[in-house]
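*Asks:* In the UniProt record's numbering, the protein residues as written are 1 to 325. We put the CB at the ideal spot given by N, CA and C, even for glycine. This one's a predicted model, so the numbers in the text were calculated from it and none came from an experiment. Submitted below is the structure of interest, expressed as structure tokens.
Put into structure tokens, the structure is as follows:
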């Protein structure tokens, strides 16, 4: 009898010990590194990055500085974003005498600004006589390999009906580009030192991200005062660059800026922007013809004067910020 009682007590102790061991193992699993803050960060990081990319669909005017801060916070190891992701270069094989060359076929002859998912704002003088135009987006280097560069076909151009080729009045136009890109520009020197062009085609739709981003359009009743500083973006020797210039005058349809020493030959159609709250860039001017070296002023078409025309021409896909009531 005593033997059976002792045997029963030992069996019960083994069951209790086994239960405690299982509980310990379960507890140990619950406090593994996956629940530590560092591991949680690693697990959530991809989701944060995806959500931040998706949020760009409703944003505009975010530039290089914003994405560098983004990278420093989240430790993202992606290529650096272009400093001016709304900058668009217009390239053609028709004009080989223009100064800016690219690593692909043809030459850059004008510029523009991304203002919508399929719209670029540029100068009418750029497209009134131009054929075989391609749109280059998402780049910052002009004469070297740039894996971020994309090239798009032009679907149609809309030139302001009152554009005057003699005095550059109403020098503004819209480009609607195809909702697909022709491919990466795969560039590498061959034996004859020429660059290969487009390597493949795809029908992937355009998505805004850190590399391609629209610039914001200000209120239609907003006019910058003389002395206000604005930024002129243009092609440099091998990359995009920007120079701050003070405004020297504004009228109903144009803005004039002082030409800085050592900075001339702004590409026609290039953007004149100004940063405001939260470092958001707003588009105030489109380079009209571009100031030549030695001229004291640069002339830009005033964007806010054409807000109604932009809205009508794009079926209200592109709108300026609402003005004061």
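1) Any contact between the region 148–160 and the region 220–231? By contact I mean 3 or more CB pairs, one from each, below 8 Å.
2) If I follow the unbroken alpha helix (DSSP H) through residue 125, where does it start and stop?
3) If I measure Cβ to Cβ from residue 377 and keep anything under 8 Å in the same chain, skipping five residues before and after, which residues do I get?
4) Closest to residue 150 by C-alpha separation, out of 167, 90, 251, 174, would be which residue?
5) Give the DSSP bridge partners of residue 177, in chain order.
6) Near residue 106, which residues of its chain fall below 6 Å by C-beta distance, leaving aside the five closest residues on each side in sequence?
7) So, residue 286 versus residue 214, is the Cβ gap smaller than 8 Å?
8) Tell me where the beta strand (DSSP E) around residue 282 begins and ends.
9) Between residue 273 and residue 119, is the Cβ-Cβ spacing less than 8 Å?
10) Per DSSP, which residues does residue 86 bridge with? Please list them.
11) Check whether the Cβ atoms of residue 305 and residue 252 lie closer than 8 Å to each other.
12) Determine whether the beta carbon atoms of residue 125 and residue 271 lie at a separation below 8 Å.
13) Count the other CB atoms, across all protein chains shown, that sit within 10 Å of the CB of residue 337; report buried if there are 16 or more and exposed otherwise.
14) For residue 307, which residues of its own chain have a beta-carbon under 6 Å away from its beta-carbon, when the five flanking residues on both sides are left out?
15) Taking buried to mean at least 16 other C-beta atoms within 10 Å of its own C-beta, is residue 128 buried or exposed?
16) For residue 309, write down the residues that DSSP places opposite it in a beta bridge.
*Replies:* Taking the structure as given:
1) no
2) For the purposes of this step, residue 125 is identified with residue 125 of the chain shown, where counting begins at 1. 124–127 is the span of the alpha helix (DSSP H), which, as asked, contains residue 125.
3) Outside the modelled stretch of the chain, which goes from 1 to 325, sits residue 377, for which no answer is possible.
4) Here residue 150 corresponds to residue number 150 of the chain shown, with the count starting at 1. The option with the nearest alpha carbon to residue 150 is 90.
5) Within the chain shown, the letter at position 177 stands for residue 177. Residue 177 pairs with 154.
6) Here the question's residue 106 lines up with position 106 in the chain shown. Correct list, in chain order: 91, 92, 93.
7) Translated into the one-based positions of the chain shown, residue 286 becomes position 286. Translated into the one-based positions of the chain shown, residue 214 becomes position 214. No, these two residues do not count as a Cβ contact at 8 Å.
8) For the purposes of this step, residue 282 is taken as the residue at position 282 of the chain shown. That run of the beta strand (DSSP E) goes 281–287.
9) Stepping through the chain shown from its first residue, residue 273 is reached at position 273. Stepping through the chain shown from its first residue, residue 119 is reached at position 119. It is not a contact, given that the beta carbons lie outside the stated cut-off.
10) Numbered from its first residue, the chain shown carries residue 86 at position 86. Paired residue(s): none; residue 86 is not in a bridge.
11) On the chain shown, position 305 is the one that residue 305 refers to. On the chain shown, position 252 is the one that residue 252 refers to. Cβ distance < 8 Å, so residue 305 and residue 252 count as in contact.
12) On the chain shown, residue 125 is found 125 positions in, with the first residue counted as 1. On the chain shown, residue 271 is found 271 positions in, with the first residue counted as 1. In this structure, residue 271 does not lie closer than 8 Å to residue 125 by Cβ.
13) An answer regarding residue 337 cannot be provided, because it is not within the stretch 1 to 325 covered by the chain.
14) Position 307 of the chain shown, counted from the start, is the residue given in the question as residue 307. Once the five neighbours on either side are set aside, the close Cβ partners of residue 307 are 220, 320.
15) One-based indexing of the chain shown puts residue 128 at position 128. Its Cβ having fewer than 16 others within 10 Å, residue 128 is exposed.
16) Stepping through the chain shown from its first residue, residue 309 is reached at position 309. Its beta-bridge partners do not exist; DSSP assigns none.
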